[in-house]
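**Q** The sequence shown begins at 4 in the numbering used here and counts up one residue at a time.
Shown below is the structure under consideration.
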Amino acid sequence: MDMKKKGFYRASAAVVLSLSLALTACGKDGGTGTKPEDNGAKPAGTEKNTAPVSLTMYQTGSSLSDEQFDIFVKALAEKMPYVTLKMVRDGTGTKPQDLIAAGTFPDIIYTANPKFRELQNLKLIQNLDSFVKSKNVDLSIFDPQAIDTIRSYDAGKQLVAIPFSQNIGALFYNKDILDKFGLPYPKDGMDWEQTLELARKIARVDGGKQFRGLEVTDARHLGSALSLPWVNPANMTASINTDGWKRVFQLIRDTNNIPNNNVPAEEYGKGDDSFIKFQSVAMLPGWASGTSIKLEDAFKKGTVFNWDIVSLPNFKDSLGTGREYDIQALMLSDTSKHKDQAFDVIQFLTSEYVQSIVTAKGKISAINTPEMQKKYASDLGSFKGKNIAGIFKTKSAKLNPPTEFDAIVISSLGAITKRLVITNDDINTVMREQEEIANKQIEEEKVLLKNSK
4 MDMKKKGFYR
14 ASAAVVLSLS
24 LALTACGKDG
34 GTGTKPEDNG
44 AKPAGTEKNT
54 APVSLTMYQT
64 GSSLSDEQFD
74 IFVKALAEKM
84 PYVTLKMVRD
94 GTGTKPQDLI
104 AAGTFPDIIY
114 TANPKFRELQ
124 NLKLIQNLDS
134 FVKSKNVDLS
144 IFDPQAIDTI
154 RSYDAGKQLV
164 AIPFSQNIGA
174 LFYNKDILDK
184 FGLPYPKDGM
194 DWEQTLELAR
204 KIARVDGGKQ
214 FRGLEVTDAR
224 HLGSALSLPW
234 VNPANMTASI
244 NTDGWKRVFQ
254 LIRDTNNIPN
264 NNVPAEEYGK
274 GDDSFIKFQS
284 VAMLPGWASG
294 TSIKLEDAFK
304 KGTVFNWDIV
314 SLPNFKDSLG
324 TGREYDIQAL
334 MLSDTSKHKD
344 QAFDVIQFLT
354 SEYVQSIVTA
364 KGKISAINTP
374 EMQKKYASDL
384 GSFKGKNIAG
394 IFKTKSAKLN
404 PPTEFDAIVI
414 SSLGAITKRL
424 VITNDDINTV
434 MREQEEIANK
444 QIEEEKVLLK
454 NSK
């Protein structure tokens, strides 16, 4: 074995687990994502290749802990005795380019939609429409917005992934802080001005500790709830210095300018720590799935405090709309030598049976039915008695047509936010300067893309 391959297997620190998928189980649990036949016979083309095979799953662009991987894979272990699955994580020595060069790029990719474009540019992604047809996969079990989002990443609207889970924004709040100061709790359906008004009442220094009412430092997601574009599709330039984005940055500036509500420099970018570890901020907007995992981890380690959730606020004219549709999905590598069996694994991991297990552990299923929503976080001790229904009271905003330059603009939005929070720089000046920087980077990227073709 050459040194590159040795390094790959060492770097993977793989969780190696056997999966099993008995053919009869597909009919028993009724949740495999395949269309049932009226006569009980197997649909044509759905017979699975049960020859022993070793497959690898690549995790990139979205978190999936060893514990999470272990939980849902163990639940499937008896279903596929002929498949061995290894987890390979994106990291030093295991970047996509490293694995391509070594000829060891994995069979299945676990990622999120913002990463799709990069993987497509590397010519790594297999179109799945032919597999969906030949395997008789029922895509109607998934949230239609998930399928539409995935197809939006392909010029021909081909299906480049199968949805696994989704992110939904929510507002987490600390009841202990509000009780301490005799203040009311936030409610579902609030707008940002109502949320700011409550934050003004909370923010103070008490007993030498700063208590902030609200932290909003994520311009990208604030803007996505208004469906603000990152890139102007007409000329492929940054769309930053606009009235829409100024509205977003003004909210960030207004929040940070509330007396005693400024984000300490040492806590900037650490919102979850401020909420869970330091308990210095009373209200924090965040991804339900991401924050829930951290809350559960803290709960297991003995950090117990009284918190709850309400629906994500928005500007008054866009109430009921949440952050942009954000999904985690499973993709099939075009380099896989075992595409048929790898797709069988993808199909099984996105089945209703598996999704019920996954959503109970804190990941919101892409099968977004009322029954599935009720199961969300049901196995998490920290979520007992919480307002789970509030998470689902907003509808995800439609994703703008993705471009190759989105990441550049998103990075610029973050840079603007940091300057507005840490310094007292003028909003208009910062927006103009950062748009110029982004456009220069876009032009450089255009040249690189042209030369790579």
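By construction, the Cβ of each residue, glycine as well, lies at the ideal position given by its N, Cα and C atoms.
Computed from a prediction, not measured in an experiment: that's the story for all the values here.
#1: Cα-Cα, which of N442, D221 and R207 is closest to I261?
#2: Of the choices V348, G172, N124 and P117, whose alpha-carbon is the least far from that of I153?
#3: Under the three-state reduction of DSSP, which class applies to E327: helix, strand or coil?
#4: Using only the alpha-carbon positions, how far apart do R215 and L333 sit?
#5: Compute the beta-carbon to beta-carbon distance between S219 and L254, rounded to the nearest angstrom, for a pair I have assumed lies under 8 Å.
#6: Since R326 and H224 should fall inside the 8 Å C-beta cutoff, what is the C-beta to C-beta distance between them, to a whole number of angstroms?
#7: When DSSP labels each residue in this structure, what does S57 get in the three-state scheme?
#8: Determine, using beta-carbon pairs with one atom in the stretch 150-164 and one in the stretch 272-286, whether at least three such pairs fall under 8 Å.
#9: In the structure shown, what three-state DSSP assignment does Y356 receive?
#10: Report all residues from its chain with a CB closer than 7 Å to the CB of I349; omit the five preceding and five following residues, and keep chain order.
#11: Give the secondary structure of A222 by DSSP, where H, G and I count as helix, E and B as strand, and everything else as coil.
#12: Please give me, in chain order, every unbroken run of the beta strand (DSSP E) with length at least 3 that falls completely inside the stretch 378-454.
#13: Applying the 10 Å Cβ sphere with the 16-neighbour rule, what's the burial state of P55?
#14: Drop a sphere of 10 angstroms on the beta-carbon of T97, count the other beta-carbons inside from all chains shown, and report buried for 16 or more, exposed for fewer.
#15: Under 8 Å, do D329 and A115 count as touching if we go by C-beta distance?
#16: Would P373 be called buried (16 or more neighbouring beta carbons within 10 Å of its own) or exposed?
#17: Where I440 and N427 are concerned, what is the direct C-alpha to C-alpha distance, given to the nearest angstrom?
#18: Give the DSSP-derived three-state secondary structure of Q129 in the structure shown.
**A** The short version:
#1: Translated into the one-based positions of the sequence shown, residue 261 becomes position 258. For I261, the nearest C-alpha among the options comes from R207.
#2: Reading the sequence shown from its first residue, position 150 is the one you call residue 153. Nearest C-alpha to I153: P117.
#3: Your numbering for residue 327 matches position 324 in the sequence shown. Reduced to three states, the DSSP call for E327 is strand.
#4: For this step, residue 215 is matched to residue 212 along the sequence shown. For this step, residue 333 is matched to residue 330 along the sequence shown. Cα to Cα, the separation comes out at about 39 Å.
#5: One-based indexing of the sequence shown puts residue 219 at position 216. One-based indexing of the sequence shown puts residue 254 at position 251. For the sequence presented, residue 219 should be read as Val rather than Ser. Between L254 and V219 the Cβ distance is about 6 Å, and since that is below 8 Å, they are a contact.
#6: Translated into positions along the sequence shown, residue 326 becomes position 323. Translated into positions along the sequence shown, residue 224 becomes position 221. Indeed they touch by this definition, with Cβ atoms about 5 Å apart.
#7: Within the sequence shown, numbered from 1, the residue matching residue 57 stands at position 54. Looking at S57 - three-state DSSP - the assignment turns out to be strand.
#8: Cβ pair count under 8 Å is below three, so no.
#9: Taking the first residue of the sequence shown as 1, we reach residue 356 at position 353. In this structure, Y356 counts as helix in the three-state DSSP scheme.
#10: By 1-based counting over the sequence shown, the position of residue 349 is 346. Closer than 7 Å at Cβ, skipping near neighbours: I111, I165, L333 and L335.
#11: Counting from one through the sequence shown, the residue named residue 222 turns up at place 219. It is helical.
#12: 398-400
#13: Looking up residue 55 in the sequence shown gives position 52. The residue in question, P55, is exposed, as its Cβ has fewer than 16 Cβ neighbours within 10 Å.
#14: The residue you call residue 97 lines up with position 94 of the sequence shown. Classification of T97: buried, given that the 10 Å Cβ count is 16 or more.
#15: Translated into the one-based positions of the sequence shown, residue 329 becomes position 326. Translated into the one-based positions of the sequence shown, residue 115 becomes position 112. For the 8 Å CB-CB criterion, D329 and A115 form a contact.
#16: Here the question's residue 373 lines up with position 370 in the sequence shown. P373 comes out exposed.
#17: In the sequence shown, the residue the question calls residue 440 occupies position 437. In the sequence shown, the residue the question calls residue 427 occupies position 424. In a straight line, the C-alpha of I440 is about 20 Å away from that of N427.
#18: Taking the first residue of the sequence shown as 1, we reach residue 129 at position 126. Under the three-state reduction of DSSP, Q129 is assigned to coil, being neither helix nor strand.
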